[in-house]
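Since the structure comes first, as structure tokens, the remarks are kept for the end.
So this is what it looks like as structure tokens:
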């Protein structure tokens, strides 16, 4: 997983829970990186799972809820850091539809070694979209947060339903999105 994801998670923890909390969860975690992340580095996703698990234990907030909030935060940071991906689209559905064939193509140019999830999208109508998230990593809650963050970014209310089709080898979730 790219270091920018880790760096943003630590930043979110510092902003929402304080520097001491960030230091605490790093110290409690068994991290091969030592908890020092660079945005261009690549790190094992298990480190993020361990960090968020310790944050959950310290705060009493369920892991899934923390990861969803992190996804929303990450969408805002991506919009700030990579505005070009948001400039040519005017709706949440258009943006989500562009992830696989536009955003991920550009990410792969910058980071050829990146192992990205896939987002198979189908806009069924102006009000309905299906988005199938597939990954080797268990981060469907992060995808949910990114979707929710996109709906907020485009100022659209969207109902999100998740149907988990995961196997032990692969995370696969079908998101059904309906504009309200």
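Residue numbers (my numbering): 1036 to 1215. A virtual CB, placed ideally from N, CA and C, is assigned to each residue, including glycine.
Assuming residue i and residue j form a contact by the criterion Cβ under 8 Å, report the distance between their Cβ atoms to the nearest whole angstrom.
i: residue 1087; j: residue 1111; result: Rounded, the Cβ-Cβ distance is 18 Å, inconsistent with contact.
i: residue 1170; j: residue 1147; result: At roughly 18 Å, the Cβ-Cβ gap does not stay under 8 Å, so residue 1170 and residue 1147 are not in contact.
i: residue 1215; j: residue 1182; result: Contact flag wrong, Cβ pair sits at about 14 Å.
i: residue 1166; j: residue 1154; result: 6 Å
Under 6 Å Cβ to Cβ from residue i, same chain only, skipping five residues before and after it: list those, please.
i: residue 1196; result: 1211
i: residue 1036; result: 1078 and 1080
i: residue 1061; result: 1070
i: residue 1099; result: 1176
i: residue 1042; result: 1072 and 1074
In this structure, how does DSSP classify residue i when only helix, strand and coil are distinguished?
i: residue 1195; result: strand
i: residue 1040; result: helix
i: residue 1214; result: strand
i: residue 1187; result: helix
Residue j and residue i - do their beta-carbons sit closer together than 7 Å?
i: residue 1095; j: residue 1177; result: no
i: residue 1194; j: residue 1213; result: yes
i: residue 1116; j: residue 1076; result: no
On the DSSP bridge list, what partners appear for residue i?
i: residue 1168; result: 1154 and 1208
i: residue 1163; result: 1213
i: residue 1094; result: According to DSSP, residue 1094 bridges with nothing at all.
i: residue 1077; result: 1037
i: residue 1202; result: 1205
Give me, in chain order, the residues of the same chain whose beta-carbon lies closer than 7 Å to that of residue i; leave out the 5 immediate sequence neighbours on both sides.
i: residue 1173; result: 1206
i: residue 1114; result: 1121 and 1188
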